[in-house]
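Using my numbering, read the sequence shown as starting at 17 and increasing by one per residue.
Inspection log for the structure reproduced underneath, given as structure tokens.
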Amino acid sequence: MKWRGRARSANIEDRRRGSAGWAPGTKRRRVAQGGAGGIVVIVIVIFGAIALGIDPSEILRSQPDLLRDIGGGQATTTGRPAPDAGEEELVDFVGVVLKETETLWSEVFAQNGIDYSAPTLVLIDSRDRSGCGIADPNTGPFYCPADQNIYLDLGFYEQLRARFGAPGDFAQAYVIAHEVGHHIQNLVGTLGDFNQARQSMRPEEANAYSVRVELQADCYAGIWASYAGRENLLERGDIAEALNAAEQIGDDAIQIRTQGYAVPRTFSHGTSEQRQRWFRRGFEAREVAECDTFEVANP
Ligand SMILES: [Zn+2]
């Protein structure tokens, strides 16, 4: 991806404990680990939830696993070295990708007469707090609808390359574009509908619903990839990198890799074939309306 020299988003919050320098124009806020700051956050979440008439324990308990993407918790993270120049370059890259998602979705929303409010991407490198409970780096990047934050541990990208067999900067960009896709779903009410509906669903039904939600986020990521092409940001092989990532993180691929067989009723994100197909559909169609994974009989 030809990202160097492009503007970075200001909507990045760096909570990495080992981080050193930080460029101007970026939020830098540290949370007091287990201290008063954390308590204040929890209190705000709970009072905010009560004000909305929602059972706060439900928010804290039920939301994170829903959109905890690609995780599984099998990864182990041992002592992490202090960030080096390579990691700081990765921060620059993430900032540029996020900014490019803001440009695209601001345009799309403006075409519909709506102001786009961008998510904040929170960089973590250890267990941290989120509006959806504990943000654990080991479970992979995720979007939290309650605080509208994307939580990302940069170490995940090494896992994506080495453990999932999905190298390449555009595979990394796809992960962010997918999480931003969940933010779009949150803004337009899709996630709220899902959270409501799944309360009364059997696990298999809720999983099938979740797959539609996830495939739509992949389709939105494809729309973003198409935008990146129009902006002349793509290099040869970029789309192949994203499609390979979509293949490697398909539920069937992950299950076969980890346990030797796949159990379709437990799928929550879609198969390799589905994830690739919906990403490609967004990439080719470039239209939000083409990403309606809820309309088709078999997504
Ligand atoms: Zn997802």
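Heads up, the beta-carbon is just placed ideally off N, CA and C, and yes, glycines get one too.
Fill in: C-alpha distance - Q290 paired with N154, whole-angstrom precision
Translated into positions along the sequence shown, residue 290 becomes position 274. Translated into positions along the sequence shown, residue 154 becomes position 138. Answer to the nearest angstrom: the Cα atoms are 25 angstroms apart.
Discussion item. Looking at the secondary structure, which residues open and close the alpha helix (DSSP H) in which C235 lies?
Written reply: Position 219 of the sequence shown, counting from 1, holds the residue named residue 235. Here the alpha helix (DSSP H) through C235 covers P219 to R246.
Discussion item. Please give me, in chain order, every unbroken run of the alpha helix (DSSP H) with length at least 4 that falls completely inside the segment 242 to 278.
Written reply: 254 to 264 and 267 to 275
Worksheet item: In this structure, what does DSSP give as the bridge partners for A151?
Response: Counting from 1 along the sequence shown, the entry for residue 151 is found at position 135. DSSP, once it has assigned bridges, lists D144 as partnering A151.
Discussion item. By the DSSP assignment, the beta strand (DSSP E) with T136 in it spans what residues?
Written reply: Position 120 of the sequence shown, counted from the start, is the residue given in the question as residue 136. In the DSSP assignment, T136 falls within the unbroken beta strand (DSSP E) covering T136 to L139.
Worksheet item: Whose CA, out of F283, L250 and D209, lies closest to the CA of R20?
Response: By one-based count along the sequence shown, residue 20 stands at place 4. Of the candidates F283, L250 and D209, the one whose C-alpha sits nearest the C-alpha of R20 is L250.
Worksheet item: Leaving out five residues before and five after G197 in sequence, what residues of the same chain have Cβ atoms less than 6 angstroms from its Cβ?
Response: Within the sequence shown, residue 197 is the residue found at index 181, counting from 1. So the list reads A233, Y236 and A237, once near-sequence residues are dropped.
Fill in: Among G184, A162 and D163, the one whose alpha carbon lies nearest that of F172
One-based indexing of the sequence shown puts residue 172 at position 156. Of the candidates G184, A162 and D163, the one whose C-alpha sits nearest the C-alpha of F172 is G184.
Discussion item. With three or more beta-carbon pairs closer than 8 angstroms as the criterion, would you say the segment 100 to 116 touches the segment 219 to 234?
Written reply: no
Worksheet item: Does the separation of the CB atoms of A269 and S288 fall below 8 angstroms?
Response: On the sequence shown, residue 269 is found 253 positions in, with the first residue counted as 1. On the sequence shown, residue 288 is found 272 positions in, with the first residue counted as 1. Yes, Cβ-Cβ distance for A269 and S288 is below 8 angstroms.
Worksheet item: Does the Cβ of A233 lie closer than 7 angstroms to at least one heavy atom of ligand 1?
Response: Indexing the sequence shown from 1 puts residue 233 at position 217. Checking the Cβ of A233 against ligand 1 gives yes.
Worksheet item: When the distance is taken between beta carbons, is H199 closer than 8 angstroms to Q175?
Response: For the purposes of this step, residue 175 is identified with residue 159 of the sequence shown, where counting begins at 1. For the purposes of this step, residue 199 is identified with residue 183 of the sequence shown, where counting begins at 1. Contact: no.
Discussion item. Checking 8 angstroms against the spacing of the C-beta atoms, do Q264 and G181 come in under that value?
Written reply: Residue mapping note: residue 264 aligns to position 248 of the sequence shown, counting from 1. Residue mapping note: residue 181 aligns to position 165 of the sequence shown, counting from 1. Yes, they are a contact pair.
Worksheet item: What do you reckon, is the C-beta of E230 under 7 angstroms from a heavy atom of ligand 1?
Response: Taking the first residue of the sequence shown as position 1, residue 230 is located at position 214. True, at least one ligand heavy atom lies under 7 angstroms from that Cβ.
Practice prompt. Under 8 angstroms by Cβ, that's how I've got W240 and T117 pegged, so tell me the actual separation to the nearest angstrom.
Written response: If you number the sequence shown from 1, residue 240 lands on position 224. If you number the sequence shown from 1, residue 117 lands on position 101. So it is a contact: roughly 6 angstroms between Cβ atoms.
Item to complete: Pull up the DSSP beta-bridge partners for N165, would you.
Response: The sequence position of residue 165 within the sequence shown is 149, counting from 1. Bridge partners of N165: T136 and C160.
Discussion item. What does DSSP give as the partner residue(s) for E311 in the beta ladder?
Written reply: Numbered from 1 along the sequence shown, position 295 holds the residue referred to as residue 311. BP columns for E311 are empty, so no partner.
Discussion item. Could you tell me the alpha carbon to alpha carbon distance between A26 and S133, rounded to whole angstroms?
Written reply: One-based indexing of the sequence shown puts residue 26 at position 10. One-based indexing of the sequence shown puts residue 133 at position 117. Distance between the alpha carbons of A26 and S133: 13 angstroms.
Fill in: As assigned by DSSP and simplified to three states, the class of D131
If you number the sequence shown from 1, residue 131 lands on position 115. Of the three classes helix, strand and coil, the one that applies to D131 here is coil, per DSSP.
Worksheet entry | Closest by C-alpha distance to V110, when choosing among A151, A126 and A193 | Locating residue 110 in the sequence shown gives position 94, counting from the first residue. Of the listed residues, the one whose Cα sits closest to V110 is A193.
Worksheet item: Opposite I28 in the DSSP bridges: which residues?
Response: Taking the first residue of the sequence shown as position 1, residue 28 is located at position 12. As DSSP reads the structure, I28 sits in a beta bridge with L137.
Worksheet item: Among F295, I272, Q201 and E247, which one has its Cα closest to the Cα of L259?
Response: Walking along the sequence shown from the start, residue 259 turns up at place 243. The shortest CA-to-CA distance from L259 to any of F295, I272, Q201 and E247 is the one to F295.
Discussion item. Please classify A178 as buried or exposed, where buried requires at least 16 other C-beta atoms within 10 Å of its C-beta.
Written reply: Position 162 of the sequence shown, counted from the start, is the residue given in the question as residue 178. A178 should be labelled exposed.
Worksheet item: Just to confirm, does H198 get its C-beta within under 7 angstroms of one of the non-hydrogen atoms of ligand 1?
Response: Here residue 198 is taken as the residue at index 182 of the sequence shown, counted from 1. H198: yes, Cβ under 7 angstroms from ligand 1.
Worksheet entry | Alpha-carbon spacing of G147 relative to F158, whole angstroms | The count along the sequence shown starts at 1 and reaches residue 147 at position 131. The count along the sequence shown starts at 1 and reaches residue 158 at position 142. Whole-angstrom Cα-Cα distance: 12 angstroms.
Fill in: Cα-Cα separation, G64 to C160
Your numbering for residue 64 matches position 48 in the sequence shown. Your numbering for residue 160 matches position 144 in the sequence shown. The predicted model places G64 with a pLDDT of 38, which falls under 50 and marks its position as unreliable, so this point remains unresolved.
Worksheet item: Helix or strand or just coil, what does DSSP make of W19?
Response: Within the sequence shown, the letter at position 3 stands for residue 19. Coil, per DSSP.
Worksheet item: What is the rounded straight-line gap between the Cα of L139 and the Cα of K115?
Response: What you label residue 139 is simply residue 123 of the sequence shown in a count that begins at 1. What you label residue 115 is simply residue 99 of the sequence shown in a count that begins at 1. L139 and K115: Cα-Cα distance of roughly 15 angstroms.
Practice prompt. Put G102 into one of helix, strand or coil per three-state DSSP.
Written response: On the sequence shown, residue 102 is found 86 positions in, with the first residue counted as 1. DSSP places G102 in helix when its eight states are reduced to three.
Item to complete: Can you have a look at Y277 and say buried or exposed, based on whether 16 or more other CB atoms are within 10 angstroms of its CB?
Response: The count along the sequence shown starts at 1 and reaches residue 277 at position 261. Exposed.
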